[in-house]
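J.: Questions regarding the structure given below will be posed in turn.
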Amino acid sequence: MFEWFGKVNFSPYTKVTDFAQYLKDGRLMGSKCKTCGSTSFPPRADCDKCMSGEFEFFEMSGKARLHTYTKIVAAPTGFEDVAPYIVGVADLEEGGRALAWIGETIKEEEIKIGMELQVVPQIFEELEEIKVYYSLEKPGTTWVKTNSAR
Ligand SMILES: [Zn+2]
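Numbered per the numbering used here, the sequence shown finishes at 203, counting up by one with no gaps.
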């Protein structure tokens, strides 16, 4: 599942694998250090401020602002069929940064650095696996949240 994370976002998610399960439920989670309270997105098990390995998940609103973006015309292997596409980096209101596709609710000509965004959990259903990622959408974009046992 992890090679599909955000399609463009390859990070070591050891210890934070529940992140994918939450995303599947439509919940965008960050991590909060139990020692110093520092928050991160994507979640990280080891605090970059105090090196503590103790963290807890907290649900984020996904409100964000566009920090930068780039149009990918020559896509890497495996992504050729979807190019061209636009990838953005968004600063989340509650801390952290999301690197993700700019979704269908935003037209290319509307994209501006500093614009408000909503990070939205997404699911690809292909083959037998469920793949999760998130995209950057217009503020006010809604999606379905569920609760599954974990
Ligand atoms: Zn810490």
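A virtual CB, placed ideally from N, CA and C, is assigned to each residue, including glycine.
#1: Out of curiosity, what's the CA-to-CA distance linking G156 and R97?
#2: If I measure Cβ to Cβ from K124 and keep anything under 7 Å in the same chain, skipping five residues before and after, which residues do I get?
#3: Pull up the distance between the alpha-carbon of L81 and that of E163, whole angstroms please.
#4: What do you reckon, are the CB atoms on V185 and L76 nearer than 8 Å?
#5: Measuring from the CB of K102, is there a heavy atom of ligand 1 at a distance below 7 Å?
#6: Please indicate yes or no: does the CB of T92 lie closer than 7 Å to some heavy atom of ligand 1?
#7: Here's the rule: buried if 16 or more other CB atoms are within 10 angstroms of the residue's CB, otherwise exposed. What is F58?
#8: Between E147 and the rest of its own chain, which residues show a CB-CB distance below 7 Å, the 5 nearest in sequence each way excluded?
#9: Please report the straight-line C-alpha distance between I166 and K191, rounded to a whole angstrom.
#10: Output yes or no for whether 8 Å exceeds the beta carbon distance between R150 and F94.
T.: According to the structure data:
#1: 25 Å
#2: P137 and I139
#3: 25 Å
#4: yes
#5: Yes - ligand 1 has a heavy atom lying nearer than 7 Å to the Cβ of K102.
#6: no
#7: Unreliable placement is indicated for F58, whose pLDDT of 46 sits below 50; the coordinate value is still reported in the next sentence. Classification for F58: buried.
#8: G83, T92, M113 and S114
#9: 13 Å
#10: Closer than 8 Å, so yes.
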